[in-house]
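Everything below concerns the one structure shown next.
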Amino acid sequence: MIPYGKQSITESDLSVVTDCLQSGWLTTGPKVAEFEQRFAEFVGAKHAVAVCNATAALHLAMLVAEVGPGDRVITSPNTFVASANCAAFVDAKPDFVDIDPVSYTLCPKALAQHWTSDVKAVVAVDYAGQTADMPAIARVARDRGAVVIEDACHAVGGQFEHDGTLHRVGGHSWADMTTFSFHPVKTMTTGEGGMIVTDSEIYAERARTLRTHGITRQPDEFIGLGEPALNERGPWYYEMRELGFNYRLTDFQCALGLNQLSRLPEFISRRREIVAAYNEAFADIEVVKTPALRNPADRSTASWHLYTLQIDFKKLEMTRSDFMRALANRGVGSQVLYIPVHLQPWYREQFGYELGKCPHAEQLYSRTLSLPLFPGMSEADIHMVVETVKGQCRIAARTSR
Ligand SMILES: *Cc1c(COP(=O)(O)O)cnc(C)c1O
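What follows is the structure in structure tokens.
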């Protein structure tokens, strides 16, 4: 079976992890700082803070942005639940604004239309690797005093063009913080893992403190324990200044992350080749729609994480489940990403969200199917996926006629 996504782990990945395990450092050693520094340089940000997963990164982003009770956080419904859950973690209200039907990312016009004065942050998601329209989203959000967080879990190593200039995901000025995931299904992996990047030293410092229980060891930040008798500040001394978490990433995961980062350009170029091959192969099939870019000039710059086709199952007179089963019977895996988050039972129960709230995302959900996309795919695998999908569309079209 060709899965819809798969990590690439080679000898070099194995050897850096083994070396790290033998070095004596298992966690919070030199590899964490090195990974953070190299990652920040790679994306073009001033600071990077490594954490145990991207859900933790989003949670810390909320805390650092001082989002809390009484605040609203707007995100895209076409995402993994974590992009919205982070708002609920801090007792803010997660809310959803519809996607743009071309890029499947948060629509800036809809964002402006649905703005309310309690919006404290916007979490823009780079769906499938195509960036959200960050300049337009930042204009809407910042004019109204909100913080902009880019959930770039799908877009590590990606770029986009704006006003004739290329901007790197994580390294442009339209997001106050950008979060990445290194889960195995994502473009580069550390097993579990995540990163927050920002140009703000204040944000980065607070995220670092909150990553380890809100503890500081910086003497200039100490306020004391209150009693003169407790004032000896020896080498053991630290202070907990606010309530934080254990969101650390281990040293051996960062060693893997460093090696994966060095392989990232190769991963991305292979993903782009596969996407180009799929786009060409599916261009002439009437019942499918291939992924489109908001800015067609951007063709070579997105770092594709998913390849999602829109398939008109109604026209094919076939359910998506039957279509997926038919592909699976021929050895082709597929996946549906995403069920619009506002329709999840918890969101309906907590906030009363209903079908019809985000029609474009709901329409996309009824048609979307993600096909296999990962750097280890061979030419034969690509051919197999193409022929199987095309064949199934032909068979279904014939029977429905
Ligand atoms: C994977 C993903 C996350 C969560 O990442 P974890 O590292 O699994 O916590 C958040 N947002 C999006 C868009 C994702 O795809």
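Okay, so the sequence shown: first residue is 104 according to this note's numbering, each after it adds one. Glycine residues also receive a C-beta, built at the ideal position from the N, C-alpha and C atoms.
Cβ distance (whole Å) where residue i is taken to contact residue j below 8 Å
i: I177; j: V251; result: Rounded, the Cβ-Cβ distance is 11 Å, inconsistent with contact.
i: T290; j: I371; result: 7 Å
i: R309; j: P478; result: That belief does not hold up - the Cβ atoms of R309 and P478 are roughly 35 Å apart, past 8 Å.
i: G360; j: F285; result: 6 Å
i: D254; j: L161; result: 7 Å
i: H150; j: E345; result: The pair is not a contact, with the Cβ atoms about 19 Å apart (cut-off 8 Å).
i: P475; j: V488; result: 6 Å
CA-to-CA distance, residue j to residue i, given in whole angstroms
i: M165; j: E490; result: 45 Å
i: E330; j: R336; result: 12 Å
i: I299; j: G327; result: 30 Å
i: Y306; j: D174; result: 19 Å
i: E420; j: G296; result: 42 Å
i: G147; j: R433; result: 43 Å
i: T234; j: S403; result: 13 Å
i: E137; j: L333; result: 36 Å
i: T506; j: E139; result: The first residue shown for the chain is 104 and the last is 504, placing residue 506 beyond what the model contains.
i: T315; j: Q413; result: 43 Å
i: R513; j: I112; result: Here the chain has residues from 104 to 504 only, and residue 513 is not among them.
i: W407; j: T301; result: 23 Å
i: Y450; j: P443; result: 10 Å
i: I388; j: A431; result: 20 Å
i: G261; j: W339; result: 43 Å
i: T121; j: K418; result: 53 Å
i: E369; j: Q110; result: 13 Å
i: F416; j: V390; result: 8 Å
i: G455; j: T411; result: 29 Å
i: E465; j: V205; result: 14 Å
i: L409; j: Y381; result: 12 Å
i: H486; j: M480; result: 10 Å
i: D236; j: R242; result: 10 Å
i: S115; j: A358; result: 11 Å
i: D246; j: A278; result: 14 Å
i: T293; j: A244; result: 33 Å
i: D484; j: L163; result: 40 Å
Boundaries (first-last residue) of the beta strand (DSSP E) holding residue i
i: M59; result: Since the displayed the chain opens at 104 and closes at 504, residue 59 lies outside it and no answer follows.
i: S473; result: T471 to L474
i: K150; result: Note on identity: in this sequence residue 150 is His, with Lys being the wrong assignment. Counting along the chain, the beta strand (DSSP E) containing H150 begins and ends at H150 to V154.
i: S176; result: The residue asked about is misnamed: residue 176 is Val in this sequence, not Ser. Per DSSP, V176 belongs to the beta strand (DSSP E) from R175 to T178.
Alpha helix (DSSP H) segment containing residue i, residue limits
i: T312; result: E304 to R314
i: Q413; result: No alpha helix (DSSP H) contains Q413, which is instead part of the beta strand (DSSP E) from Y410 to I414.
i: M421; result: From DSSP, M421 is part of no alpha helix (DSSP H); its letter is neither H nor E.
i: Q125; result: E114 to S126
i: E324; result: Taken as a continuous stretch (DSSP letters only), E324 belongs to no alpha helix (DSSP H), as it is neither H nor E.
i: C189; result: A185 to F192
i: F142; result: P133 to V146
i: L161; result: A157 to V167
i: F454; result: P448 to F454
Chain C contact for residue i (CB, 8 Å cutoff)
i: L446; result: Absent from the structure is chain C; it holds one protein chain and no more.
(Q) Measuring CB atoms only, is the segment 132-140 touching the segment 265-274, in the sense that at least three cross pairs come out at less than 8 Å? (A) Segments in contact, no.
Q: Return the chain-ordered ranges of every beta strand (DSSP E) run that is complete within the segment 196-280 and spans a minimum of 3 residues.
A: Contiguous beta strand (DSSP E) elements confined to the segment 196-280 occur at 196-199, 222-228, 250-254, 262-265 and 268-271, taking only those with 3 or more residues.
Q. Where are the alpha helix (DSSP H) runs, 4 residues long or more, that stay fully inside the segment 327-394, in chain order?
A. Whole alpha helix (DSSP H) segments, 4+ residues: 354-385.
Q. Hey, is the segment 492-499 in contact with the segment 410-426, meaning 3+ C-beta pairs nearer than 8 Å?
A. Judged by pairs of C-beta atoms under 8 Å, the segment 492-499 touches the segment 410-426, as three or more such pairs exist.
Q: Kindly confirm or deny that the segment 189-202 and the segment 454-461 touch, where touching means at least three C-beta pairs closer than 8 Å.
A: Result yes; three or more Cβ-Cβ pairs closer than 8 Å.
Q. Below 8 Å, can you find three or more Cβ-Cβ pairs linking the segment 220-236 to the segment 357-364?
A. Taking one beta carbon from each stretch, the segment 220-236 and the segment 357-364 have fewer than 3 pairs nearer than 8 Å; the two do not touch.
Q) Contact between the segment 207-224 and the segment 253-268: three or more CB pairs below 8 Å? A) No contact exists between the segment 207-224 and the segment 253-268.
Q. Between the segment 348-361 and the segment 150-159, are three or more C-beta pairs nearer than 8 Å?
A. Segments in contact, yes.
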